[in-house]
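Structure first, then comments.
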Amino acid sequence: MLTLRYSFYQSAFFLTCAGIFGFAATYLLEKGFQTSEVGVILASSNLLSCMLQPFLGDFADRFPKIRLQNLIAACLAFTLLCFAVIQLLQPPLMAFGVLYVAGGLSLTSTTPLANALCVYYNQRGYAVDYGIGSGIGSLSYSFATLSLGYIISALGTDWMIWIVLVSLAVEITITLGYPKVPERENGFPAGTDSTGQAVQRVSLWAFLGKYRYFVVTVSGAMMIAMCHSMAENYLINLFQPMGGDSRNVGSALAIAGFTAAPLMLLFEKIQKKVDILLLMRLSGIFYVLKAVLMFFATSVWQVYAIVCLQTFTYGFIYPSLYYFTKMKVGKNDMVKGQAVVVAAFTLGTALGSLVGGKVIDAYGFRAMILLAGLLAGLGAAVINLSIKK
């Protein structure tokens, strides 16, 4: 039942993300923002999230009496408040932009906390299948982007925000419904080792020093995230010379989500039989291959075929990072560990968006996708070298 609850949560969460981030440009442009201002809003939300997530994880680790469920619900409630004010009061553009950034920041900050909640229950003997939840989330995002595209076209962007508000309310309800479990492990109170002695929790800065090779591996994953962002966010620049438009972008993203979902659904079983360190290495190689194929793509159908590699790119790297953190980070630093991973991946996607746009403006799409491939190769090399350590 915990896996089912987590899957419902991921489904609602990715529906919210599809509205707030997937169609942000469509919504904000209609409300009067310039294209450059839309870019600033989205980049600000991601970059601030990168800074907040590790500190929020540190807070959760330092104050274990505060239930993760309550912390997640508080962030979601703040997001709901921000978008309710936007929808009901239609504030001036300056306040509108600030509220949009704050709401997006609060939403993305829940990701490492939700990951840590899975670990929390697993450590206490209650099975939560992270792979199934992630796979359901990927499928939900695909359905959500397709559905919202038609809804916005037929009814307008305001309906998108109403759907986002409902999905946030569902997330809060699901989160607060997680059951309490006994705070004792192996006969000793939680937060103690096998002898019953209290385990010291380290600060965020001490964590970075304590797990220095882990941090290096995560930096390699951040470079791969930059490649992922470049290849996903600027598909329109690839399609337009082929005669394609935003409908082709939506179709390509949906195909990518569908192809990644089966592997993510089965990842809990796969990671027991296949070395996740190997999957992390392979993801970078497949990202390089994807970038090379995009560089030479000449038709819409070729691009549709190329995005099917999502199974071996995002489908390998993102869930692997979750299990890698479980392997390498101590129990009492787990929320910080998950937060550092998610923050690094978020930072990579933000930097990929910013760098990708600049390179396209200066040199064109093919130069940008070539750079994306080089970043993926470098990231794979960093992961390989640090994992050996």
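First residue of the sequence shown: 966, per the numbering used here; consecutive thereafter. The beta-carbon is built from N, C-alpha and C at its ideal position, and this holds for glycine as well. Only a predicted model underlies this, so the values are computations on that prediction, with no experimental measurement involved.
By the C-beta density criterion, Pro1284 is buried, having at least 16 other C-beta atoms within 10 angstroms. Separation of the CB atoms of Ala1256 and Ala1337 is rounded to 5 Å, and the pair is thereby assigned contact status at 8 Å.
With contacts defined as CB atoms closer than 8 Å, Gly1068 and Thr1044 qualify as a contacting pair. By the Cβ criterion, the stretch 1293-1308 is in contact with the stretch 1075-1094, since at least three pairs of Cβ atoms, one from each stretch, lie closer than 8 Å. A contact between stretches requires three or more CB pairs, one per stretch, nearer than 8 Å, and the stretch 1044-1058 fails this requirement with the stretch 1096-1114. When secondary structure is reduced to three states using DSSP, Tyr1091 falls in the coil class, being assigned neither helix nor strand.
In the structure shown, the three-state DSSP call for Gln1303 is helix. Taking Met1259 as reference, the option from Arg1177, Val1135 and Ile1201 with the minimal CA-CA separation is Ile1201.
Its chain contains Arg1246 as the residues whose beta carbon lies nearer than 7 Å to that of Asn1349, once the 5 sequence neighbours on both sides are disregarded; these appear in chain order. The beta carbon of Thr1073 sits closer than 6 Å to those of Ser1014, all from its chain and outside the five residues before and after it, given in chain order. A Cβ-Cβ distance of about 5 Å is found for the pair Tyr1252 and Thr1278, placing them in contact under the 8 Å criterion. Between the C-alpha atoms of Val1300 and Thr1290 there is a straight-line separation of about 10 Å. Taken through DSSP and simplified to helix, strand or coil, Lys996 comes out as coil. With contacts defined by Cβ atoms closer than 8 Å, Met1125 and Ile1137 do not form a contacting pair.
With contacts defined by Cβ atoms closer than 8 Å, Tyr971 and Gly1096 do not form a contacting pair. Rounded to whole angstroms, Gly1322 and Tyr1287 show a C-alpha spacing of 29 Å. One thing to note: Ser1194 has its Cβ within 8 Å of the Cβ of Ser1318. Contact between Leu1041 and Ile1051 does not hold, since their C-beta atoms are separated by about 16 Å, which reaches or exceeds 8 Å.
For a cut-off of 8 Å, the C-beta gap from Gly1249 to Ala1341 is around 5 Å, short enough to register as a contact. Secondary structure note for Asn1297: it is in no alpha helix (DSSP H), with a DSSP letter that is neither H nor E. Of the candidates Ala1008, Leu1244 and Gln999, the residue whose Cα lies closest to the Cα of Gly1280 is Leu1244.
In this structure, Val1135 sits away from Gly984, with a CB-CB distance that is not shorter than 8 Å.
For Ile1128, the enclosing alpha helix (DSSP H) starts and ends at Thr1122 to Leu1141.
Under the DSSP assignment, Gly984 falls outside any alpha helix (DSSP H); it carries neither an H nor an E label. Nearest in C-alpha terms to Leu1054, of all of Asp1123, Val1320, Val1005 and Ala1008, is Asp1123. Leu980 is not a Cβ neighbour of Ala1119, given a cutoff of 8 Å. Asp1326 counts as exposed, since fewer than 16 other beta carbons sit within 10 angstroms of its beta carbon.
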